[in-house]
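See structure below.
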Amino acid sequence: MTPCGRLSDRMVAVVHGGDPWTAEEQAHLVGCGDCAKEWKVVVIAAGLGKSISLDGSALAARVTERLKTEPPRARSRILRIAAQWGVGLAAAAALILVVRPGPPRPDREQPRAVEVLHELDDLNADELEEVLRSVEIEGTAGATADPAIGDLTPSELERLLHSLEG
Amino acid sequence: MTPRADESPETDAALAAAYQTGDEAAAAELVRRHATQLGRYLAASGAPDADVEDLAQEAFIRAFRSLGTWRGDGTFRGWLFRIAGNLLKDQFRRRRGRIMVPIEDHDFPDSASPEGEAGANELEALLIDAIGRLPRLQREVFLMRVNQGMAYDAICAALGTSPGAARVHYHHAVKRLKELAR
Numbered sequence: 001m002t003p004c005g006r007l008s009d010r011m012v013a014v015v016h017g018g019d020p021w022t023a024e025e026q027a028h029l030v031g032c033g034d035c036a037k038e039w040k041v042v043v044i045a046a047g048l049g050k051s052i053s054l055d056g057s058a059l060a061a062r063v064t065e066r067l068k069t070e071p072p073r074a075r076s077r078i079l080r081i082a083a084q085w086g087v088g089l090a091a092a093a094a095l096i097l098v099v100r101p102g103p104p105r106p107d108r109e110q111p112r113a114v115e116v117l118h119e120l121d122d123l124n125a126d127e128l129e130e131v132l133r134s135v136e137i138e139g140t141a142g143a144t145a146d147p148a149i150g151d152l153t154p155s156e157l158e159r160l161l162h163s164l165e166g
Numbered sequence: 167m168t169p170r171a172d173e174s175p176e177t178d179a180a181l182a183a184a185y186q187t188g189d190e191a192a193a194a195e196l197v198r199r200h201a202t203q204l205g206r207y208l209a210a211s212g213a214p215d216a217d218v219e220d221l222a223q224e225a226f227i228r229a230f231r232s233l234g235t236w237r238g239d240g241t242f243r244g245w246l247f248r249i250a251g252n253l254l255k256d257q258f259r260r261r262r263g264r265i266m267v268p269i270e271d272h273d274f275p276d277s278a279s280p281e282g283e284a285g286a287n288e289l290e291a292l293l294i295d296a297i298g299r300l301p302r303l304q305r306e307v308f309l310m311r312v313n314q315g316m317a318y319d320a321i322c323a324a325l326g327t328s329p330g331a332a333r334v335h336y337h338h339a340v341k342r343l344k345e346l347a348r
């Protein structure tokens, strides 16, 4: 490791008062502009927010009071998000049934299939699983099975033939 | 509710477990234990001073309501900071982001200049602004390490990243912020 790398690794310990600079390190700091800049950033960043003083006891009282009196919002939020997904999935399913598009045309830009739901960003794994479980559509297991050729109408057979021929 | 001494020897994990069995005083102790550092972390992350207390309160509420998801392999404080980071992100999004000023438009003033106090305050403001515009992981690793003095293993556990990745995030953040110093 370079002297600059060693000094960089030591800065946090020094700035939090655990371990002062050695004479050798101090000499390097004086002579190395890059390390001096980094040290300046570290010193200022270490002190950020020091002017903030929260009354821990008062905050604790408010937090425990809210925990006792306010119903958890997480479940209603999950249900709201699940409802959004459910409506979206239902709309998408209805659209597929109505439009029944043929094979995609390579010269046409495909629409985005997925819209990012930022509301999901903050959910943890358990909450996400709960959302997924809540939007599962019953009976979908059979829906993905390939239909038998004999079940297709003449026009569907013709469309299938065209798609195979390219 | 039975008050606990500030010097309570109980670990955060023990207090969290106690709260889950209905001990409200354990929750209060966790709040008292971490409130100050959480406030500092939020302020350093760019939360307006006026919002710090509300954000801290909300972070604790969310933490206690999802204690079951805390795996306990990282520190409670690191996990709390992660929740606070999510809250801040939500707040910035609701306010449609912060006022963006190109980082190149500013240089850190020389802290040894005669401008003195004003220069130092400006320096802090510029740094907070620059930290706020770092990519999220860079910002969180940098602040947990420099502002909070957390060790890399605690940071990794809190952020779900590897020590190597955390070091890379840290050095990218420092490199970016150093560009402002002169």
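Chains A and B, in that order, are what the protein sequence lines are.
For the first sequence, our numbering begins at 1 and goes up steadily by one.
For the second sequence, our numbering begins at 167 and goes up steadily by one.
Ideal Cβ positions, reconstructed from N, Cα and C, are used throughout, including at glycine.
Predicted model, so just to flag it, every value in this text is computed and none were measured.
For the putative contact between A/Leu54 and B/Gly205, defined by C-beta atoms under 8 Å, what is the C-beta separation to the nearest angstrom?
-> 4 Å
State the start and end residues of the unbroken alpha helix (DSSP H) segment that holds B/Ala192.
-> 190-210
Alpha carbon of A/Lys40 to alpha carbon of B/Gly240, nearest angstrom | 30 Å
Taking Cβ to Cβ, would you say A/Ser8 is nearer than 9 Å to B/Val340?
-> yes
Indicate the three-state DSSP secondary structure (helix, strand or coil) for A/Leu59 in the structure shown.
-> helix
Identify each residue in the stretch 218-233 of chain B for which the Cβ-Cβ distance to at least one residue of chain E is less than 7 Å, and report them in chain order.
-> Annotation note: the requested chain E is absent from the structure, which comprises protein chains A and B.
Beta-carbon spacing of B/Ile249, A/Arg66 below 9 Å | no
DSSP three-state call for A/Asp146: helix, strand or coil?
-> For A/Asp146, the pLDDT reaches just 47, beneath the cut-off of 50, and the residue's location in the model is therefore unreliable, leaving the point undetermined.
Alpha carbon of A/His28 to alpha carbon of B/Gln223, nearest angstrom = 44 Å
Where the stretch 307-328 of chain B meets chain A: residues whose CB sits under 8 Å from a CB there | Phe308, Leu309, Arg311, Val312, Asn313, Gly315
If I'm right that B/Gly238 touches B/Ala179 with Cβ under 8 Å, what's the distance once you round it to whole angstroms?
-> 5 Å
For B/Pro214, which three-state DSSP category applies?
-> coil
To the nearest angstrom, report how far apart A/Trp21 and A/Val14 are at their CA atoms.
-> Going by the C-alpha atoms only, they are around 7 Å apart.
First and last residue of the alpha helix (DSSP H) that includes A/Ile44?
-> First-last of the alpha helix (DSSP H) with A/Ile44: 33-47.
What is the DSSP secondary structure of B/Ile269, counted as helix, strand or coil?
-> In this predicted model, B/Ile269 has a pLDDT of only 39, less than 50, meaning its place in the structure is not dependable; the value taken from the coordinates is given anyway. B/Ile269 falls in the helix class under three-state DSSP.
Could you give the DSSP three-state label for B/Leu293: helix, strand or coil?
-> helix
In the stretch 180-193 of chain B, which residues sit with their C-beta less than 7 Å from some C-beta in chain A, listed in chain order?
-> Per Cβ criterion, the list reads Glu190, Ala193.
In the stretch 60-75 of chain A, which residues sit with their C-beta less than 9 Å from some C-beta in chain B, listed in chain order?
-> Ala60, Ala61, Arg62, Val63, Thr64, Arg66, Leu67, Lys68, Glu70, Pro72, Arg73, Ala74
Are the C-beta of B/Leu300 and some C-beta of chain A separated by less than 9 Å?
-> no
State the DSSP-derived secondary structure class of A/Gly86, mapped to helix, strand or coil.
-> Helix at A/Gly86.
Should B/Ala193 and A/Thr64 be called a contact, given that it needs their Cβ atoms to be closer than 9 Å?
-> yes
Taking DSSP as the reference, what is the three-state secondary structure of A/Met11?
-> helix
Counted within 10 angstroms of its Cβ, other Cβ atoms place B/Ser211 as buried (16 or more) or exposed | buried
Do you know how far the Cα of B/Asn252 is from the Cα of A/Val12?
-> Computed Cα separation, rounded: 25 Å.
When burial is assigned at 16 or more other CB atoms within 10 Å of the CB, is B/Cys322 buried or exposed?
-> buried
7 Å Cβ cut-off: residues of chain A touching B/Glu290 | Ile44, Leu48
Would you report the Cα separation of B/Glu288 and B/Ile297, rounded to the nearest angstrom?
-> 14 Å
What separation, rounded to the nearest whole angstrom, lies between the Cα atoms of B/Ala213 and A/Arg159?
-> 59 Å
Spell out whether any CB of chain B is found under 9 Å from the CB atom of A/Met1.
-> For A/Met1, the nearest beta carbon of chain B is not closer than 9 Å to its own beta carbon.
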